[in-house]
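J.: One structure is given below, represented as structure tokens, and several questions about it will come after.
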Amino acid sequence: MDWQFKLAYHLFSDVRVIFLEDLQVASLLRRCKVKLGDNGQFLPNGQSAKSGLNKSLQDAAFGQFVQVLEYVAWKLGKRIIKVDPKGTSQHCWECLSKVPKSLSERWHSCSNCGQELDRDYNSALLIQKIGLLSTQEEDITSVKTAVRFSQTEESRAALVSATSGVCQSLKSIFRVDIKSR
């Protein structure tokens, strides 16, 4: 547990706020729904593939680290903002357009604004964008509310000012060029 505290203090060394997906571990652990064929036989539903993920999620360290982060944030007078994870991998971080993709697709390509980047990197940028917006507008904590907020001209200007520098700060963390594959 000592390493969790060291990591938490290190993460807060250069920032005042950390944005996290508000994952509900219990819902992630649910069993897959049963699939039945036309003849009444059971079909593969992916449960055996999901069992490895379930074992990892049931590890106490997963949820415990979030609690350690929250404690360290409180102790240092810093903040953690949790963002609703729904839609964070299905929307473009730049223009908030919906870009549907299957779980096996690892590359994000937005036909609306032309963004090309890794799917996880896009999600991280979107979580940070929503988190930054929530520091200005209390009711923005999800992709859905961010999209609704972005519908007017003045709110689009607020989006640009709130998220300027987001891309550069995450580029330095991930060490990735956004347009390269």
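Converting from the sequence shown to the numbering used here requires adding 8 to each position, the first position being numbered 1. All C-beta atoms, glycine included, are put in the ideal place defined by N, C-alpha and C.
(1) Could you give the residue range of the alpha helix (DSSP H) that holds F157?
(2) Quick check: H116 and L104, are their CB atoms within less than 8 Å of each other?
(3) Who are the Cβ neighbours of A16 in its own chain at under 6 Å, not counting the five residues just before and after it?
(4) Helix, strand or coil for V23, going by three-state DSSP, please let me know.
(5) Out of E29, C100, R87, D92, which one is the CA nearest neighbour of N120?
(6) How should Q49 be labelled, buried or exposed, when 16 other C-beta atoms within 10 angstroms of its C-beta is the threshold for buried?
(7) Which of the three DSSP states is assigned to W101 in this structure?
(8) Name, in chain order, the residues that DSSP records as bridge partners for K90.
(9) Have a look at S131 and Q144 and give me their C-alpha separation to the nearest angstrom.
(10) Any idea what DSSP makes of K109, helix, strand or coil?
(11) Should E102 be labelled buried (16 or more other beta-carbon atoms within 10 Å of its own) or exposed?
(12) Only counting the same chain, and skipping five residues up and downstream in sequence, which positions put a Cβ closer than 8 Å to that of Q12?
(13) According to DSSP, is D128 helix, strand or coil?
(14) For S250, which three-state DSSP category applies?
(15) What residues match up with L44 in a beta bridge as DSSP calls it?
T.: The short version:
(1) 151 to 157
(2) no
(3) V76, L77, V80
(4) coil
(5) C100
(6) exposed
(7) coil
(8) L28
(9) 20 Å
(10) coil
(11) buried
(12) A69, Q72, F73, V76
(13) helix
(14) Within the shown structure, residues of the chain are numbered from 9 to 189, placing residue 250 beyond reach of any answer.
(15) F50
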